[in-house]
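Chemist: Here it is: the structure, laid out below.
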Amino acid sequence: MQTGYKVIDVMTRKPVTAAPTASLRELAQKMRDERVGSLLLREGNQLVGIVTEYDLVRKGVASGKDLDKTQGRDIMTPADKMHTTSPGVDIFAALNTMRDHECRHLPVLDDGKMIGFITLKDILRIQPQLFDLIVDKYDVREPEHKPLRGALDEGDNA
Numbered sequence: 001m002q003t004g005y006k007v008i009d010v011m012t013r014k015p016v017t018a019a020p021t022a023s024l025r026e027l028a029q030k031m032r033d034e035r036v037g038s039l040l041l042r043e044g045n046q047l048v049g050i051v052t053e054y055d056l057v058r059k060g061v062a063s064g065k066d067l068d069k070t071q072g073r074d075i076m077t078p079a080d081k082m083h084t085t086s087p088g089v090d091i092f093a094a095l096n097t098m099r100d101h102e103c104r105h106l107p108v109l110d111d112g113k114m115i116g117f118i119t120l121k122d123i124l125r126i127q128p129q130l131f132d133l134i135v136d137k138y139d140v141r142e143p144e145h146k147p148l149r150g151a152l153d154e155g156d157n158a
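The numbering used here puts the first residue of the sequence shown at 1, with every later residue one more than the last.
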């Protein structure tokens, strides 16, 4: 399927970034203040990784990490493990990459250089009718063992 929209048409050209040495608390506050669900971690102009809300909750808070002493680099997905896309790719192909790799964020690379960032939210903002297709064609819900609500309910019974 082709939508007629390319990644370059909807990507964020200046994604929110942070230093890999920032504490988990600083990263969480920056996500809150910037109203984003992930931060790209950079050293100078070099992309070193990404920290998502999922990382903060699962690898940080729920794992008992000290929010002031643990750094982003300790829980990030390193750049060499990140899935990426290209600016000329149709947004449906980018969506398939997200689905195939169970992620909601893709750095956009052109000749190996990061030129932007695209998220599931970016795609659905420009092409909302894809939402119905996504729900019908793919199971985009979290697996049953992942919901936080279930964990909270179990904690109430303890």
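Ideal Cβ positions, reconstructed from N, Cα and C, are used throughout, including at glycine.
Every value quoted in this text rests on a predicted model; they were computed, and no experiment measured them.
Flag this pair as touching only if the stretch 54-68 and the stretch 88-98 have three or more C-beta atom pairs under 8 Å; answer yes or no.
Modeler: The stretch 54-68 is not in contact with the stretch 88-98.
Chemist: Please tell me whether I126 and V10 are closer than 8 Å, where the distance is taken between their beta carbons.
Modeler: Against a cut-off of 8 Å, the Cβ pair of V10 and I126 comes out as a contact.
Chemist: Return the Cβ separation of K14 and V89 in integer angstroms, given the expectation that the two are a contact with Cβ distance under 8 Å.
Modeler: K14 to V89, Cβ: 20 Å. No contact.
Chemist: Are the beta-carbon atoms of T17 and L56 separated by less than 8 Å?
Modeler: No; because the gap between Cβ atoms is not below 8 Å, this pair is not in contact.
Chemist: Taking the C-alpha atoms as reference points, what is the distance between M98 and K69?
Modeler: So the two alpha carbons sit approximately 31 Å from each other.
Chemist: To the nearest angstrom, report how far apart L109 and H83 are at their CA atoms.
Modeler: Using only the alpha carbons, I get a separation of about 10 Å.
Chemist: By DSSP, does R104 sit in helix, in strand, or in coil?
Modeler: R104: coil per DSSP, three-state reduction.
Chemist: Tell me whether K121 sits in a helix, a strand or coil according to DSSP, three-state version.
Modeler: Helix, per DSSP.
Chemist: Express the C-alpha separation of G4 and N45 in angstroms, rounding to a whole number.
Modeler: Each residue's Cα considered, the two are about 32 Å apart.
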